DNA sequence: TCCTAAGCGAGACGGTACGTCCAGTCTTCGT
DNA sequence: ACGAAGACTGGACGTACCGTCTCGCTTAGGA
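The structure is reproduced here in structure tokens:
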């Protein structure tokens, strides 16, 4: 035996999985999604675009839905963290703008409603939606913690409601009302929220 | 003279389409949706349940997505209008509760995220989403007109934002956070909104 | 009672069937057959070409196969009778040429193999095949009767076999071997047959 | 060196087609044909009986007619060759009986008229018909070569006509006249043919 | 003259099969 | 072992006909 006993996950025999392939698959998923939309997405198409056999995909992702999950996680990982502007007002505006940008500019945006819709019927998919939210939530909880520290926000404020009102409103406006959302619109929303919570 | 000139919609030749069939199809769609979920919905299943040939469905609905549209429209037509409670606060609470009830109790609810997701890639589907919203918007504009008349709301308040914050927050909470929404939660949201806008 | 009892088929009440329609249907069948082949023949296509409702066709012909029968019978009625050339040899040659011409020149030809094939599975169709044969048989029996009268043929010759050898050989050559059949070929066959039977 | 240059048919990538499946499909076609008749033959039925997906059938046979072709070829391959009886008379009788038996006893028989009819409008189908004939022709040409060697037949006899008269007459009698064909009938035909050609 | 009975064009209806397309699995070879 | 290629079962898709069934209209007697 070569490795220290019981330490590493003793590399399995045979040829190791290629990381390039992992990446090629994720990229292909996102490209196909962009081109043909959610339900024009086929495993066969992904395999062809990635230059990969179908089995290779299924070896990594047990089902089509997992493909989406994995691709989405890769995108989320790439997204930005909000800055500390020094005031709750500034932080909320920055967060709002960041969210709007992500929904309207990045390739991630169109996946969001699809993912939410998917969670209604397949609870396992909730994992992805949590990941989608995690970024914002992490950012937001830091923002709010800072605001509480600065005394800008009451310690027992309903933080969850605050988050829901911010993200929910923006989501609704972008994907349901489909009214344009510029920086001034985000500012107006931030104003109202601060009025409501302080 | 046989008919007033240019007036009548000169009934097209041939056997007219049966309204009973229209209804049977819509009902079958909704039932199948309830039983097997969104992507367990098959045209063949709908045809079988409705006791109808597939061609009869395709004669009316060019694609599966149109089936959803038609069924959704039928449901929307059946939904309720909110009452006049005499105060903005009361009206908003009533509206919120009505919305929550519709999303969580009626068969319409689970269709909403799916429909929103669908609008992202098929703009014609926006029609349905407008119908989904029309009910709320009609009710809300009345509510707000009354509030302005009573002097509870500023005449130049951003009504659209108000609506987006109310419905967006509830939507997000129900379908994204998936936190339970009881009457007290709706009340808390109404409180915040009124604080923000008055 | 107006009509002599039990005599005429007392014209049924209501509007009588239109003979123009009968004709339009038969013509349409033959034209469609020529254009799209046997199993490209659709009742809907016939109805459209004839400018007639489908029900009007089904009122006359209980099934698609009856359409073929009716159309074939109309064609058979139009075909020619063989002449009396004064000798068995001349008569047989004339008959053979007539048969070849009908199979290769008229619109009737391509229907023949289809009809024969159809009789294998639907015995009721044998009626049509009999009609197809009737013409030839009638002509042939006259020819042979004359030959017997003239002493050219033995009274107890196997007439059926004679007919089968003549028509069978020509059919096989036209539709199976697909070798060209000119007048000299028919003559050669007639020679052999006379050699065989006299 | 990996392989002799330009020699091997470089096996195509991927899983090869299963010969068992080929066989299962052909068998299923023939069984279905026997059970439900020619136009009771459905691709779906064949797939079910063969325990095979429809795509698997269509991968091999572009259309329903090709199914027939393939099944027929398989049957033809299994059929018998006629013996050498020592005399032209004996050989012709043996061949005739063999043909009659095949048309009336084997599962191949009912396919023959259908196939001939099909060749009228789809020339590619002529391939099958040639296969149908090949057996007889091979046998017959041997028989005739032997007869010429023995001096029973003139070297410049019209062999094609001989064949057409033999097979055409039998075909016509079986499928058109539908008169019973026993051994004596075959003998009578052979007699006439030999009279005609010697 | 009006009434009853049927025929008629049009086209919707319940079915059934078609031929296509994927999902998810399996089988071959080469790496 | 992994990987590319592609065949495999299974099942839904959307299309095309079949034979039947309404529709509103027309065309004949017979009352």
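Chains as they are written, first to last, in the working numbering: chain H, 1 to 198; chain X, 1001 to 1198; chain S, 2001 to 2198; chain D, 3001 to 3198. Where a beta carbon is used, it is the ideal one built from N, C-alpha and C, also for glycine. If you're wondering where the values come from, they're calculated on a predicted model, not measured in any experiment.
Asked                                                                                                                                                                                 : Found
If you follow the alpha helix (DSSP H) that residue 3169 of chain D is part of, which residue opens it and which one closes it?                                                       : 3159 to 3171
To the nearest angstrom, report how far apart residue 52 of chain H and residue 3042 of chain D are at their CA atoms.                                                                : 36 Å
Leaving out the 5 sequence neighbours to the left and right, which residues in its chain are closer than 8 Å to residue 1100 of chain X when beta-carbon positions are compared?      : 1170, 1174, 1181 and 1186
Taking DSSP as the reference, what is the three-state secondary structure of residue 1077 of chain X?                                                                                 : helix
Under the three-state reduction of DSSP, which class applies to residue 17 of chain H: helix, strand or coil?                                                                         : coil
As a quick exercise: from S:2045, S:2062 and S:2102, pick the residue whose alpha carbon is nearest that of residue 2081 of chain S.                                                  : S:2102
Quick one: list the residues of chain D neighbouring residue 2145 of chain S, beta-carbon separation under 7 Å, in chain order.                                                       : Those within 7 Å of residue 2145 of chain S in chain D number zero; the least Cβ separation is about 19 Å.
Could you list which residues in chain D have their beta carbon closer than 9 Å to that of residue 2168 of chain S, in chain order?                                                   : 3164, 3165, 3167, 3168, 3169, 3170, 3171, 3172, 3173, 3176 and 3177
Tell me whether residue 2068 of chain S sits in a helix, a strand or coil according to DSSP, three-state version.                                                                     : helix
Secondary structure at residue 43 of chain H, three-state DSSP: helix, strand or coil?                                                                                                : helix
Using 10 angstroms around the beta-carbon of residue 1040 of chain X, count the other beta-carbons present and answer buried if the total reaches 16, otherwise exposed.              : exposed
Taking residue 2120 of chain S as the query, report the chain D residues whose CB atoms sit under 8 Å from its CB, ordered along the chain.                                           : 3038, 3110, 3113, 3114 and 3175
Which residues in the same chain have their Cβ closer than 8 Å to the Cβ of residue 1032 of chain X, if we skip the five residues on either side of it in sequence?                   : 1040, 1041, 1042, 1045, 1046 and 1049
Answer with yes or no whether the minimum CB distance from residue 3102 of chain D to chain S is below 8 Å.                                                                           : no
Taking residue 2098 of chain S as part of the alpha helix (DSSP H), name the residues at either end of that continuous run.                                                           : 2088 to 2104
Mapping the DSSP letters down to three states, classify residue 3036 of chain D as helix, strand or coil.                                                                             : helix
Run through DSSP, which three-state label would residue 3182 of chain D get?                                                                                                          : coil
Chain S beta carbons: is any one of them nearer than 8 Å to that of residue 3063 of chain D?                                                                                          : no
Along the chain, where does the alpha helix (DSSP H) containing residue 2198 of chain S start, and where does it finish?                                                              : Element bounds for residue 2198 of chain S: n/a, residue is neither H nor E.
Taking C-alpha atoms, which residue in H:197, H:194 and H:98 lies nearest to residue 183 of chain H?                                                                                  : H:98
Thinking C-alpha only, which one of H:166, H:58, H:115 and H:73 is nearest residue 141 of chain H?                                                                                    : H:166
Go to residue 3056 of chain D, then tell me how far its alpha helix (DSSP H) extends in each direction, as first and last residue.                                                    : 3054 to 3060
Ignore the nearest five residues each way along the sequence and tell me which others in residue 21 of chain H's own chain have a CB closer than 7 Å to its CB.                       : 52 and 56
From X:1179, X:1117, X:1054 and X:1163, pick the residue whose C-alpha is nearest to that of residue 1190 of chain X; which is it?                                                    : X:1163
Nearest CA to the CA of residue 88 of chain H: which residue from H:75, H:154 and H:25?                                                                                               : H:154
Rounded to whole angstroms, what is the Cα-Cα separation between residue 3151 of chain D and residue 3157 of chain D?                                                                 : 12 Å
Identify which residue in X:1196, X:1143 and X:1113 has its Cα closest to the Cα of residue 1093 of chain X.                                                                          : X:1143
Three-state secondary structure (DSSP) at residue 3137 of chain D?                                                                                                                    : helix
What residues from the segment 184 to 195 of chain H come within 9 Å of chain X, judged by C-beta to C-beta, listed N to C?                                                           : 185, 188, 189, 191, 192, 193, 194 and 195
Quick check on residue 1160 of chain X - is its C-beta less than 8 Å from some C-beta in chain H?                                                                                     : yes
Tell me, to the nearest whole angstrom, how far the beta carbon of residue 26 of chain H is from that of residue 71 of chain H; I am working on the premise that it is less than 8 Å. : 5 Å
Checking 8 Å against the spacing of the C-beta atoms, do residue 3112 of chain D and residue 2113 of chain S come in under that value?                                                : no
For chain D, is any of its Cβ atoms less than 8 Å away from the one on residue 2117 of chain S?                                                                                       : yes
For residue 2066 of chain S, I'd like the list of residues in its chain whose CB is within less than 6 Å of its CB, leaving aside the five on either flank, ordered along the chain.  : none
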